[in-house]
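Notes for the one structure printed next.
2 protein chains.
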Amino acid sequence: MATKRAQMMEETRAKLIRAAREAFATKGYAAASMDDITADAGLTRGALYHNFGGKQGLLQAVVDQIDAEMVERLIAAQERAPSPWEGLLAEGVTYIEMSLEPEVQRIMLLDGPAVLGDPSQWPNQNACLLRTAQTIQVLIDEGTVKPVDAEAAARLINGAALNAALWIAATDEPRAVLPKAVEAFRQLAAGLLQTER
Amino acid sequence: MATKRAQMMEETRAKLIRAAREAFATKGYAAASMDDITADAGLTRGALYHNFGGKQGLLQAVVDQIDAEMVERLIAAQERAPSPWEGLLAEGVTYIEMSLEPEVQRIMLLDGPAVLGDPSQWPNQNACLLRTAQTIQVLIDEGTVKPVDAEAAARLINGAALNAALWIAATDEPRAVLPKAVEAFRQLAAGLLQTER
DNA sequence: CGCATTGACATACGCCGCGTATGTGCCAGC
DNA sequence: GCTGGCACATACGCGGCGTATGTCAATGCG
């Protein structure tokens, strides 16, 4: 077994991450105090510094966790689709929908990049992005989409979806503009398709 | 003439905004202290609070100023293009290029949204976005692009350009990936075109 | 099985930065 | 020229972060 101390430590980390997710999502990174977070977790700032090195480290851990969950949902969405191309669209739509969740939006799309820098520089290398790039590469190889740079296309696709989500979330009637955004997204994405269809 | 006091006040605001632009761009919003900013401007925090109400107000003023400059450059780029469609592409490319500037990136793309919330909610209503939406609407009216929602398309286009820029800026050789990004952007944007071309 | 060591976490302290309340000098109007 | 008000400076308190130090328990070794 993984020596008692190690599993206690994992438990501690998990409690801190859980409390931090809650606080960062509701109050934002800057407004969330480490004292509050650690108190919620039934600990003190000492544990936080010991496990994560500081506030940024904690945010990084939270980001990594959410990123992992997101990529799992992306994969699920893509696998449910009837074709690889529909899979890419499904990923995009799923990304938009996930970005509507306050937690994702606040932590992954706003505070994350602002505090930790560009997502492509994150230690985890932003699994969501990698996933999309892989999917596009498959489509290029099978001749469905034009031979563009896969990473570039993934970036733009994700960026488009991201901003669509931010826009939707900021409007008064999110459910009214969502279909408009999805439609525009599909049109844009179609630009990647081979012309001789 | 605009009564001496009023123009002194404008001068004060200008000096503060100038110093804040510098500080926010280089150190980031959170790390930039109001004491440093006001000292650079040859003033104190009293002036800052009087004129802008606080740190956020100052950031808002900086954002508004940069946004105005950006939209001016976008218009110039669009007017230089041979056709409205090329104008839209030129706007996108210009947007990408502007987003490569550290000042724009840090203030407009990272800290701005994180601190002030989504750009579409800003008092100025983000002139860049409005501009793109107008351009797209013209293209829809003249039948060049499909009848999608102009605002939605503008959001996605800008979002794609934005993420392309963040990506480029984060890489080691920005000048190498820029053309790849631009190419992918043009392909994506082509998805908006009427199919019967 | 007892002791030393190390590691996980708590406690304590100082500094910095923001916001506000209060003070001061200087321009406008009568 | 005197007064009121405004633009800005000064002074103060509070909260939050980071670090240095302390404490207790678990591990490893004889």
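One line per chain: the protein sequences are F and V, in this order.
Just so you know, the working numbering puts 193 at position 193 of the first sequence, and the rest follows in order with no gaps.
Numbers in the working numbering are just positions in the second sequence, counted from 1, shifted up by 1000.
Idealized CB from N, CA, C, for every residue including glycine.
The three-state secondary structure of F/Leu192, taken from DSSP, is coil. With respect to the C-alpha of F/Ile75, the residue from F/Ala184, F/Cys128, F/Ala154 having the closest C-alpha is F/Cys128. Relative to V/Met1108, the option among V/Asp1035, V/Gln1060, V/Thr1171 whose CA is nearest is V/Gln1060. Relative to the Cα of V/Val1115, the nearest Cα in the group V/Ile1017, V/Arg1175, V/Ala1030, V/Leu1156 belongs to V/Ala1030. A residue is called buried when at least 16 other Cβ atoms come within 10 angstroms of its Cβ; V/Glu1010 does not meet this threshold and is exposed. V/Val1063 is not a Cβ neighbour of V/Ala1020, given a cutoff of 7 Å.
The C-beta of V/Met1008 has fewer than 16 other C-beta atoms within 10 Å across all chains shown, which makes the residue exposed. The beta carbons of V/Trp1085 and V/Thr1044 sit about 52 Å from each other, so the pair does not count as a contact at 8 Å.
Around V/Leu1088, the same chain offers Thr1135 as residues with beta carbons nearer than 6 Å, after the five sequence neighbours per side are excluded. The three-state secondary structure of F/Val148, taken from DSSP, is coil. Identification of chain V residues near F/Lys180 by a Cβ-Cβ cut-off of 7 Å yields Asp1149, Ala1152, ordered along the chain. Per DSSP, the unbroken alpha helix (DSSP H) holding F/Pro84 starts and ends at 84-98. Beyond the five residues adjoining it in sequence on each side, F/Pro113 comes within less than 7 Å, by CB distance, of Pro119 in the same chain, given in chain order. F/Gly92 is positioned such that its CB atom lies closer than 7 Å to that of F/Phe185. In this model, V/Ala1153 and F/Ala176 are separated by some 15 Å (Cα to Cα). Against chain V, the beta carbon of F/Gly87 has no neighbour under 8 Å; the closest one sits roughly 17 Å away.
Between F/Asn163 and chain V, the shortest Cβ-Cβ separation is below 7 Å. Legend: CB atoms of the stretch 120-142 of chain F lying less than 7 Å from CB atoms of chain V belong to residues Ser120, Gln121. If you draw a straight line from the Cα of F/Ile140 to the Cα of F/Ala190, it is about 13 Å long. Apart from sequence neighbours up to five positions away, the residues of its chain that approach V/Ala1077 with a beta-carbon distance below 7 Å are Ala1090, Glu1091, Thr1094, ordered along the chain. Of all residues in the stretch 1008-1030 of chain V, only Ala1030 come within less than 7 Å of chain F when Cβ atoms are compared, listed by chain position. When C-alpha distances from V/Ala1041 are compared across V/Arg1155, V/Pro1102, V/Thr1012, V/Glu1069, the shortest belongs to V/Thr1012.
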